[in-house]
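Participant:
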Amino acid sequence: MWFMTHTSLPPEIEKVRDPESIQKLVIENLAKGFPQEYIDVVHHTDPTTITWAPLMFRYPWDLLIGQTWRGCVTVAGDAMHPMTPDLGQGGCTALEDAVVLARHIASSRSSSDGFEKAIEGYVKERRMRAAGIIVGAYLSGWVQQGGTGWWGGTLVRFVRDHIFYRFVFQRLLKVSEFDCGRLTCE
């Protein structure tokens, strides 16, 4: 198994969806300078298992100020908080959602408005953390890839090399130490 993230490519290359062409593009261009072991893995990959999809940033405003639930229906995981893979927290955040949602549902059993209040409580508890991770993951990837444009790239690379890795990145990684609480079995 392998994956690669890369800054956006020219539109004619972004439209490539043929697995063999993607494999060739990675081996001959995008992975230049990568360890030979990586190239070998890509080369021996069954082309029918290769996909290419652009990463899309969705501003977290809907999550912060919108209504992500109605009655007994809500969203969780990527439907609630899609994020770039730069902090490795997408799946973890979805599992946190499951624990928090289950905890709220379990505690709502004695309430007359039960599930609706449980769903509302879950959303209120999750929205700030999820929005922070969305923004942190995006900014982390943007800075690590050097930003965009000449001036932006030069400035961002300077910030990345002299400030980001020394002071900011370790704080961003602390999101992985989050404790979403315990589930009780009753």
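FYI, in full-length UniProt numbering the residues of the sequence shown are 1 to 186. Just so it is clear, CB atoms sit at the ideal spot from N, CA and C, and this is done for glycine as well.
1. List the residues that DSSP assigns as beta-bridge partners of V42.
2. Could you tell me which residues DSSP pairs with R70 in its beta bridges?
3. What's the call for residue 188, buried or exposed, on a 16-neighbour Cβ count within 10 Å?
4. Around the C-beta of R17, are 16 or more other C-beta atoms found within 10 angstroms, so that it is buried, or is it exposed?
5. For D113 and A106, I'd like the C-alpha separation in whole angstroms.
6. Alpha helix (DSSP H) containing E28: first to last residue?
7. When the Cα atoms are used, what is the spatial distance from G146 to V135?
8. Out of D78, L64, V143, S108, which one is the CA nearest neighbour of E96?
9. What number of angstroms, rounded off, separates the C-alpha of E177 from the C-alpha of S140?
10. Suppose contacts are defined by Cβ-Cβ distances below 8 Å. Is W61 in contact with V123 by that definition?
11. Grab me the residues of L155's own chain with a C-beta within less than 8 Å of its C-beta, minus the 5 sequence neighbours each way, in chain order.
12. Sort W142, L25, R171, Y138 by Cα distance to R157 and report the nearest one.
13. Can you tell me whether I34 is helix, strand or coil according to DSSP?
Facilitator: According to the structure data:
1. In DSSP, V42 forms no bridge with anything.
2. DSSP lists V73 as the beta-bridge partner residues of R70.
3. What the structure shows of the chain is the stretch from 1 to 186, and residue 188 is not part of that stretch, so it cannot be assessed.
4. By the neighbour-count rule (16 or more Cβ atoms within 10 Å), R17 is not buried but exposed.
5. Going from the Cα of D113 to the Cα of A106 covers about 13 Å.
6. It is not in any alpha helix (DSSP H) - E28 carries neither H nor E in the DSSP assignment.
7. The straight-line gap separating the alpha-carbon atoms of G146 and V135 is approximately 16 Å.
8. If we check each option's Cα against that of E96, D78 comes out closest.
9. Per the coordinates, the alpha-carbon of E177 lies some 17 Å from the alpha-carbon of S140.
10. Pairing W61 with V123 gives a Cβ-Cβ distance that is not under 8 Å.
11. G147.
12. Answer by Cα proximity: W142.
13. Strictly speaking, residue 34 in this sequence is Phe, with Ile absent from that position. Here F34 sits in coil by DSSP.
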